[in-house]
Structure formats: C-alpha cells, structure tokens
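Below you'll find the structure, written out as structure tokens, and then a few comments.
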Amino acid sequence: MTRACAALEAGQLVGMPTETVYGLAGDATNSLAIAAIYAAKGRPRFNPLISHVSNLDAAKHLGYFAPLAEKLALAFWPGPLSLVVPRLPRSSVCDLACAGLDTIALRVPAHPLAQALLTQFGKPIGAPSANQSGRPSPTLARHVREEMGDAIAMVLDGGPCSVGLESAVIAVDGERATLLRLGGIARADLEAVAGPLLNPKDEAFAAPASPGMLLRHYAPNARLRLSADTARDGEILIGFGPNFPAGSFNLSPTGNITEAAANLFAILRLADAQNPTAIAVAPIPNWGLGEAIIERLTRASAQDSS
Ligand code: AMP
Ligand code: MG
Numbered sequence: 001m002t003r004a005c006a007a008l009e010a011g012q013l014v015g016m017p018t019e020t021v022y023g024l025a026g027d028a029t030n031s032l033a034i035a036a037i038y039a040a041k042g043r044p045r046f047n048p049l050i051s052h053v054s055n056l057d058a059a060k061h062l063g064y065f066a067p068l069a070e071k072l073a074l075a076f077w078p079g080p081l082s083l084v085v086p087r088l089p090r091s092s093v094c095d096l097a098c099a100g101l102d103t104i105a106l107r108v109p110a111h112p113l114a115q116a117l118l119t120q121f122g123k124p125i126g127a128p129s130a131n132q133s134g135r136p137s138p139t140l141a142r143h144v145r146e147e148m149g150d151a152i153a154m155v156l157d158g159g160p161c162s163v164g165l166e167s168a169v170i171a172v173d174g175e176r177a178t179l180l181r182l183g184g185i186a187r188a189d190l191e192a193v194a195g196p197l198l199n200p201k202d203e204a205f206a207a208p209a210s211p212g213m214l215l216r217h218y219a220p221n222a223r224l225r226l227s228a229d230t231a232r233d234g235e236i237l238i239g240f241g242p243n244f245p246a247g248s249f250n251l252s253p254t255g256n257i258t259e260a261a262a263n264l265f266a267i268l269r270l271a272d273a274q275n276p277t278a279i280a281v282a283p284i285p286n287w288g289l290g291e292a293i294i295e296r297l298t299r300a301s302a303q304d305s306s
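Heads up: the sequence shown at position 286 corresponds to 286 in the UniProt record's numbering, and the numbers run straight through without jumps.
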C-alpha cells in the first residue's frame, strides 16, 4: 500500500482492484498522470474518467450534491454507482480527467483495497477500467498485467472482482436523474431510490453520441485554426515541439505527446484569456495521444455545443 501511494504520488499508474472491475489508477489532480492513463489505454479520445474518493464528504469537495444526488450516494455508496454532478470550481481534479466538462463523475468504491488506497493516498484517484481501449474490462490482477504491461508501476491484487461489471452511471442535474450507463446495480434498485430514471435519448440534450458528450465541454471563445506554422495578426500561437518557441504556449517543447495532452486544457484556457482574434495551433502528430488531441481540437474549432 505504501509503495502504491508513492507510485501515485510520483505520477505513476497502479492497477487498483474495485468491486466492479480493476481500475487503471492515477492521481486525478495530476494532469500528466491522467494523460499517461489515456496513453496506456490507447483511447482515441479523451473520455471523462471517474474520480474515486473514500467517502461522500471527500466527494463534496469536488462536486455539487443536490438532494437527489445525496440520496443516491447515501443509498449506494460505497458501491458500484458513479454519479455525474456539477463540478465545483475549487475541485482539485484536473481538467483533463473531466475531459474539459463542467461536470465530474464520482464514485466511492467498496473494495477494501480500493478503500485503503484512497484513504492512505488522501487525494482523488482517476481510474477507468484497466484494459486496452475496446477490450473487455479486467476482473483479475493478472488481466491488468496482461493489458497494461510496463505502463503500470504495480498491481494491487485484490482477488476476483465480486461484481465484475462496470459501475452504473447516473447524471444528476437538479432533481432530474439520467441513467447514462447500466452497470453493477439493477435499474429497478436505482429507481426504488431515485424514482424513474431518464434515458439519455429522452433528454433535451442534442443527439448525444456518447455519455461523455452529453454535457458542455470546455471550448475556448476564440476561434481555433489548426495545423498552423505561424501566428497571423492578432492570433496566439500554441506550439508543439522544438520548432516552436519554448514559452508557456508550447504544449511540449520536446515534442512529447503525453506531456502535450497533459497541458492541452490549461494552455487553451491561458490562450483564450488573452482574447486573441483566433488561436492558431501547431500541427500535432497523429500517433499516440495525438489522435485524441486532434479530435478534441477539431471539436472545439467546430464550436459545436456538445
Ligand atoms: P470508464 O472510464 O470505463 O470507467 O467509464 C466511465 C464512464 O463514465 C463513461 O461512460 C463516461 O462517458 C462516463 N462519464 C464520466 N464522466 C462523465 C461526465 N462528466 N459526464 C458524462 N459522463 C461521464
Ligand atoms: Mg471501460
């Protein structure tokens, strides 16, 4: 446990047993650790991650709990339910873990090793399932090692996962609760506490393609111009790699794509705060996390509202 905490503190990743499936755990307040999670999973886009905490009190430092959210948390935590709630401005979880959304997914897992890790680490832990993107979720420590190899510092072996399904995900917006993902708790049991749950399709949301796209993503006010080599008049240039100036607007002066992902949201905000006519972004290579960075920038440049 001490080694696992030290690894997390150093920005490394740890295989974490939970009652649902094994998680690929990283310090949710450290954007480099979160970027390493996306890289290790080979995810083609920055889906928001679930932030794990040891109890409801800790969760209330990160998200706003309307009475309905509190009721669900009291009924099902610790356990296989994730709650998507408005993110507090003072939340310590980094933008990248929330994929730039103004909401945050929170869960208090019940597994004793997850509880011990969260309590001893003392900070929120971002963790998606510890499988390569598109592969089944791991339910044994051995699976995590097979999926993640050297991308993780260690796996805590907590035995087979008792639930073996991902957590149910409910978004609570005031007094409306929407079931975003079916999981380790039956709909009827959830509805016994929350009342009828909305389906994402019933909602007034504009045709969401995936749960992660339901709510508003952070998009800069300024227009984005991609694959730019230089800044035009009034533009701010966000660079990437050694061919661009090394200042605070370079995603990674050394051309490290994981570092670029870690810096993406912070630098976009910084650039936007200067009120440029547009934000020009250097060409980003299309490998590793580059694909997800380009996807995110393309969506922001289209200025859609998803
Ligand atoms: P996984 O990373 O496999 O544990 O899956 C996490 C699930 O929670 C995905 O379905 C995400 O889209 C969903 N999720 C996490 N955060 C949010 C959020 N802020 N809004 C909507 N869905 C979310
Ligand atoms: Mg998963």
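Note that the Cβ used here is the ideal one computed from N, Cα and C, for glycine as well.
Original post:
By the 10 Å Cβ neighbour count, where 16 or more other Cβ atoms means buried, how is threonine 254 classified, buried or exposed?
Top reply: exposed
**OP:** Measure the Cβ-Cβ separation of arginine 90 and glutamate 295 and say whether it is below 8 angstroms.
**Re:** no
Original post:
Is any beta-carbon of chain D found at less than 8 angstroms from that of leucine 297?
Top reply: Of the protein chains in this structure there is only one, and it is not chain D.
**OP:** Identify, in the order they occur along the chain, each residue of the same chain with its Cβ nearer than 7 angstroms to the Cβ of proline 245, setting aside the five sequence neighbours on each side.
**Re:** Gly239
**OP:** Starting from leucine 74, follow the alpha helix (DSSP H) in both directions and report where the run begins and ends.
**Re:** 67-76
**OP:** Quickly, what does DSSP pair threonine 103 with across the bridge? List them, please.
**Re:** Pro86
Subject >> C-alpha gap between glycine 15 and tyrosine 22, whole angstroms >> reply: 7 angstroms
Original post:
Taking 7 angstroms as the cut-off, is the CB of proline 128 close to at least one heavy atom of the ligand MG?
Top reply: Taking 7 angstroms as the cut-off, the C-beta of proline 128 counts as close to a heavy atom of the ligand MG.
Original post:
Do the stretch 280-287 and the stretch 218-235 touch if we need at least three Cβ pairs shorter than 8 angstroms?
Top reply: yes
Original post:
Bridge partners of leucine 24, per DSSP?
Top reply: Gly15
Original post:
For tryptophan 287, which residues of its own chain have a beta-carbon under 8 angstroms away from its beta-carbon, when the five flanking residues on both sides are left out?
Top reply: Ile257
**OP:** Tell me whether histidine 61 sits in a helix, a strand or coil according to DSSP, three-state version.
**Re:** The answer is coil: DSSP assigns histidine 61 none of H, G, I, E or B.
**OP:** Check whether the Cβ atoms of alanine 73 and leucine 62 lie closer than 8 angstroms to each other.
**Re:** no
Original post:
Anyone know if the C-beta pair for alanine 105 and glycine 79 falls short of 8 angstroms?
Top reply: no
Subject >> Proximal residues to leucine 197 (C-beta, below 8 angstroms), its chain only, five neighbours per side dropped >> reply: Ile170, Ala177, Thr178, Leu179, Arg187, Leu190 and Glu191
Subject >> For residue 314, the three-state DSSP class (helix, strand or coil) >> reply: This structure cannot speak to residue 314, because the chain is shown only from 1 to 306.
**OP:** Decide yes or no for the touch test of the stretch 142-154 against the stretch 110-120: beta carbon pairs closer than 8 angstroms, at least 3 of them.
**Re:** no
**OP:** Decide if lysine 201 is buried, meaning its Cβ has at least 16 other Cβ atoms within 10 Å, or exposed.
**Re:** Label assigned to lysine 201: exposed.
Subject >> Backbone CA spacing between proline 138 and glycine 195 [nearest angstrom] >> reply: 32 angstroms
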